[in-house]
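**Q** First residue of the sequence shown? That's 631 in the numbering used here, and the numbers climb one at a time after it.
Where is the CB? At the ideal position from N, CA and C, for every residue including glycine.
Since the structure is predicted, the reported quantities are computational estimates derived from the model, not experimental observations.
What follows is a single structure, and I will ask about it in a moment.
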Amino acid sequence: MRLFRHENRQQTDQTRRLYARYELAHTAVDFAAAFLFLVGSVLFFWQSLETAAIWCFVLGSVFFCVKPTLRLIREIHLYRIGETDALAKADQIG
Numbered sequence: 631m632r633l634f635r636h637e638n639r640q641q642t643d644q645t646r647r648l649y650a651r652y653e654l655a656h657t658a659v660d661f662a663a664a665f666l667f668l669v670g671s672v673l674f675f676w677q678s679l680e681t682a683a684i685w686c687f688v689l690g691s692v693f694f695c696v697k698p699t700l701r702l703i704r705e706i707h708l709y710r711i712g713e714t715d716a717l718a719k720a721d722q723i724g
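Okay, structure coming up:
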């Protein structure tokens, strides 16, 4: 089984639910990053809030880094489920 294959997420009800949970987390992280960048941009209108704006950008950047990390973790998780299922089937045959 290979990573980042559409078939991996559609194998069972468990993989579909897992995929949906990761998609919700990915979307929440995406919104958090966008929100922090928006707030940081607005805060730059006032020099006294410049430090807060910078922190918003830094935190938003961290969230943007979390996005591909979540995708990779999701794919590894789906891969492991598929490998476990394949091992269980092989054990039943043997």
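Grouping DSSP H, G and I as helix and E and B as strand, with all else coil, what is residue 644?
**A** Position 14 of the sequence shown, counted from the start, is the residue given in the question as residue 644. Correct three-state label for residue 644: helix.
**Q** Are there 16 or more other CB atoms within 10 angstroms of the CB of residue 666, so buried, or fewer, so exposed?
**A** Locating residue 666 in the sequence shown gives position 36, counting from the first residue. It is buried - the Cβ of residue 666 has at least 16 other Cβ atoms within 10 Å.
**Q** Cα-Cα, which of 702, 663, 637 is closest to residue 688?
**A** Reading the sequence shown from its first residue, position 58 is the one you call residue 688. The shortest Cα separation from residue 688 among 702, 663, 637 belongs to 663.
**Q** Could you check whether residue 708 and residue 639 sit closer than 8 Å to each other, using their CB atoms as the reference points?
**A** As a first step, residue 639 is located in the sequence shown; it is residue number 9 there, counting from the start. As a first step, residue 708 is located in the sequence shown; it is residue number 78 there, counting from the start. Taking 8 Å as the Cβ cut-off, residue 639 and residue 708 qualify as a contacting pair.
**Q** Candidates 678, 645, 668: which alpha carbon is nearest residue 691's?
**A** As a working mapping, residue 691 is identified with position 61 in the sequence shown. The option with the nearest alpha carbon to residue 691 is 668.
**Q** Leaving out the 5 sequence neighbours to the left and right, which residues in its chain are closer than 6 Å to residue 693 when beta-carbon positions are compared?
**A** The count along the sequence shown starts at 1 and reaches residue 693 at position 63. Cβ neighbours of residue 693 beyond the five flanking positions: 659, 662, 663.
**Q** Can you tell me whether residue 708 is helix, strand or coil according to DSSP?
**A** To locate residue 708, count along the sequence shown from 1; it is residue 78. Looking at residue 708 - three-state DSSP - the assignment turns out to be helix.
**Q** Rounded to a whole number of angstroms, what is the C-alpha to C-alpha distance between residue 684 and residue 670?
**A** Taking the first residue of the sequence shown as position 1, residue 684 is located at position 54. Taking the first residue of the sequence shown as position 1, residue 670 is located at position 40. If you take the alpha carbons of residue 684 and residue 670, they lie about 7 Å apart.
**Q** If you draw a straight line from the C-alpha of residue 648 to the C-alpha of residue 674, how long is it?
**A** For the purposes of this step, residue 648 is identified with residue 18 of the sequence shown, where counting begins at 1. For the purposes of this step, residue 674 is identified with residue 44 of the sequence shown, where counting begins at 1. Looking at the two C-alpha atoms, the distance is approximately 39 Å.
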